[in-house]
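Asker: Residue numbers (our numbering): 11 to 85. Each residue gets a CB set at the ideal place from its N, CA and C atoms; glycine is no exception.
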């Protein structure tokens with residue numbers, strides 16, 4: 011499963027605050043998630059996230075494109 015920082019995911023069961031959407035804040039063996047309802051942060055094993063994941067609400071944007079005008083800085 012390809013998860014990136016700032017992806018918003020929906021899990022199968024709601025958090026006690028009632029929200030089912032979480033933002034990915036850390037990647038590694040454990041995945042860090044922040045609840046979009048109450049801002050609570052948790053760490054869960056990657057395998058557990060794969061089981062609990064229902065869908066991706068939104069995917070993180072790629073880094074700045076090297077061809078965009080804002081990416082070039084004139085000295």
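#1: Starting from the N-terminal side, write out each stretch of the alpha helix (DSSP H) that is 4 residues or longer and does not extend beyond the stretch 15–65.
#2: Are the CB atoms of residue 32 and residue 19 nearer to each other than 7 Å?
#3: Just verifying my parser: in three-state terms, what is the DSSP assignment at residue 67?
#4: Determine the closest residue to residue 60 out of 26, 29, 39, with distance taken between C-alpha atoms.
Answerer: In short, the structure shows the following:
#1: 56–62
#2: Counted from its first residue, the chain shown places residue 32 at position 22. Counted from its first residue, the chain shown places residue 19 at position 9. A contact, by the Cβ cut-off of 7 Å.
#3: Here the question's residue 67 lines up with position 57 in the chain shown. Of the three classes helix, strand and coil, the one that applies to residue 67 here is strand, per DSSP.
#4: The residue you call residue 60 lines up with position 50 of the chain shown. Ranking the options by Cα distance to residue 60, first place goes to 39.
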